[in-house]
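Protein chains in written order, with our numbering: chain A, 63 to 134; chain B, 463 to 1207. Comments concern the structure below.
Here it is as structure tokens:
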């Protein structure tokens, strides 16, 4: 039942937390790079997924109306 | 800033021209909605009762089933798993079908998920009130229920993955990522933290002991908050908030960063529940660093939510739904700011063990989770029932009374926490504790406990008003079980195809649900592994103490009574290394003291004083058997009617189940506790002997009590707490100490 008996002798195990932090940072930087390089059109397309086509058209109309109103 | 919306059908890429007709399963969503409302009321009632008990102990009704130590876990479990849990399923089952443009994978699995979950909740309520508990917060349920949870949770995952695989759209919308991560993380957390050795039909011992058990528990405990009360609700936010505002999410890019950063960081933060406690420093520091980092993705998510409402602000004034959502997202921001602050060691030194934590979780629970679910219900029910909300005015009333309820609940508790922690730490000119009597610090904050009851009552009132409103809405409308829908078919080839030329890996992963699931598992597993492996592997992390010996059978039984009555809901067993604590309680707690504690019982809240030194002759906490007996049977009598500890008169009448004792000893031996070979056969005799000594001592004070009653066992346990470290390592008692020889080197 004692897992520790087997792991006791891993050398330099204290370095684990540092390794973890480094993995996280590397992953995070790559993620940021990738995300900010992604195309806006694709992102917008994904963002519109909760909506039906009619809803998207409606939003579009509302937005043009709004911008017209603001333009006046 | 407006996004340039494309009018393009998101599925168009994969459209082969064939439109398919199918139906969304609304019946299952409706079921979960009803269950959410029902258990919400039950959970809040249990909370109100618990609050009343802390203000007026008569509400414990002098009954085991209704005493605070058992009611409190019923409240927390009902709110987390029954109210919020059903709310998550409701929202997930609704949104999964819509964003994936398909019916759920399998109706039978959906129903199994629903009825299985309700059965678990009912079983949980009954078993917790009967005192079957592991004592681990939010994982109190005993092993048979743990197995039921695993089965139903896997049913949900299977159903969800099946739905994702048969979807009609290419990309998997971000809300679904949050559901997947929730499923992966909760599976992992539940399995690891429920590793326990059954020693009876509803009794088990954690396979971990002491420090290691504490670390596993709070790794679980904090991530129950992270992956049950946060990620799935964020999934709901990313679907319902755009729908309600009729605006796509402010920044999809931000949502991707939010997702990965959040799930990666969350899993590391557990140790912030154990600061200044018997945990190695490096583990504490790791917890602090990641907890502070957590603020970034959390606030990214909040900003994304609030910014989605841009342009809809003018509607907030007349829409109760939007009001609920705005306050919910703001409460998310507040609690995710406060959380990292509470993880800073110097703040934690003040806040931990006080009502601050309670206030903090209620901002999250009542504000973020509760209001999110109310908002979604008010929007979803009329939509599904093809009608208007019965009364917008009543919904608005619910919003205002609910908000007032949160304030009246939280503000007094912050105040109470400040007052009490300063009183605990106050020294007078002579360098002595200014408030040596713990109860004085309780009496001081009692009026605030009364106000808190009022806050809870207002919040509950709002919820009851909602029940009426929803009821009337449902009566006026009609919700067909199946809602017809149509979408272009997605050629399976497109989904399965290898990574296309020039396509990024993330984009590729995004449409491969199984690979995505595995990647999220890796992200959440790294934190756990990094925390656990060193702690379990390196002996120097838990220095053993030679004089610490296993509990006697009577003490072990007493410990089980302590767990069963939930004494740990009010009492800690962990003296932190502050002068204010060592003066009050005695020597600070060391990791090596807990090596036989399956499970650990450090507690998280000091409604009563710490008990780690109750049996230590050098501590002011040490009391006689007689005092302990009188106090347990009637704490009020011993404190001029001031104590808020529940009375436990039944402990003097209830007999221990001695038939179960040998199995418990054997179980402990399996877990590595060094009782002598074959000790299980001798245990009951030893138990009786020790019990008779205590009973004889009490008889000398005119108290007649059975030597094998629960109260005698509990007193034996209390008298043992902290005693070992007051004794020099006895050479003569080598028989008991020998078993741990490998660790004492």
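Note that the Cβ used here is the ideal one computed from N, Cα and C, for glycine as well.
Straight through space, the alpha carbons of residue 1020(B) and residue 843(B) are spaced by roughly 50 angstroms. For the stretch 689 to 706 of chain B, the set of residues with a beta-carbon nearer than 7 angstroms to any beta-carbon of chain A comprises 701, 704, 705, in chain order.
By the C-beta density criterion, residue 1163(B) is exposed, having fewer than 16 other C-beta atoms within 10 angstroms. From the listed residues 485(B), 703(B), 580(B), 505(B), the smallest Cα separation to residue 774(B) is found for 703(B).
Going by DSSP, residue 675(B) is part of the alpha helix (DSSP H) stretching over 672 to 690. Around residue 1162(B), no beta-carbon contact reaches into chain A at under 9 angstroms, the shortest distance being about 43 angstroms. At least one beta carbon of chain A lies nearer than 8 angstroms to the beta carbon of residue 989(B). Listed in chain order, the alpha helix (DSSP H) runs fully inside the stretch 1109 to 1171 of chain B are 1112 to 1115, 1123 to 1132, 1145 to 1161, counting runs of at least 4 residues. In terms of Cα proximity to residue 495(B), the closest of 928(B), 1058(B), 591(B), 799(B) is 928(B). Excluding its 5 nearest sequence neighbours in each direction, residue 920(B) has C-beta neighbours in its own chain below 7 angstroms: 863, 866, 867, 870, listed in chain order. The C-beta of residue 899(B) has fewer than 16 other C-beta atoms within 10 Å across all chains shown, which makes the residue exposed.
Short of 7 angstroms from the beta carbon of residue 655(B), and not among the five residues preceding or following it, lie these beta carbons of its own chain, in chain order: 598, 601, 678, 679, 682. Considering only beta carbons, no part of the stretch 889 to 901 of chain B lies closer than 9 angstroms to chain A.
According to DSSP, residue pairing for residue 1099(B) in a beta bridge does not occur. Residue 620(B) is not a Cβ neighbour of residue 691(B), given a cutoff of 8 angstroms. DSSP links residue 641(B) through a beta bridge to no other residue. Under the Cβ criterion of 8 angstroms, residue 630(B) is not counted among the residues facing chain A.
Assignment of beta-bridge partners to residue 665(B) by DSSP yields 662(B). Counting other Cβ atoms within 10 Å of its Cβ, residue 487(B) reaches 16 or more and is therefore classed as buried. For the 8 angstroms CB-CB criterion, residue 566(B) and residue 625(B) form a contact. In the DSSP secondary-structure assignment, residue 944(B) is bridged to 487(B). Residue 715(B) has a beta carbon lying within less than 8 angstroms of a beta carbon in chain A.
For the 8 angstroms CB-CB criterion, residue 662(B) and residue 719(B) do not form a contact.
Here DSSP, grouped into helix, strand and coil, assigns residue 1045(B) to helix.
Contact of residue 635(B) with chain A is assigned, a C-beta pair being separated by under 8 angstroms. When the alpha-carbon of residue 936(B) is set against those of 1027(B), 493(B), 730(B), 481(B), the nearest one is in 493(B). Between residue 659(B) and residue 673(B), the CB-CB gap reaches or exceeds 8 angstroms. Separation of residue 952(B) and residue 559(B) (C-alpha to C-alpha, rounded to the nearest whole angstrom) is 15 angstroms.
The C-beta of residue 1089(B) has fewer than 16 other C-beta atoms within 10 Å across all chains shown, which makes the residue exposed.
Comparing alpha carbon positions, the residue from 1122(B), 1145(B), 813(B) closest to residue 883(B) is 813(B).
Exposure of residue 942(B) is indicated by the presence of fewer than 16 other C-beta atoms within 10 angstroms of its C-beta.
Beta-carbon to beta-carbon, residue 630(B) and residue 950(B) are separated by about 7 angstroms, close enough to satisfy the 8 angstroms threshold.
Closest by C-alpha distance to residue 104(A), out of 587(B), 511(B), 713(B), 708(B), is 713(B).
Against chain B, a Cβ distance below 8 angstroms from residue 111(A) picks out 472, 561, 631, 633, 635. Bridge pairing for residue 949(B): 482(B) [DSSP]. Between the alpha carbons of residue 1093(B) and residue 1169(B) lies a gap of roughly 18 angstroms.
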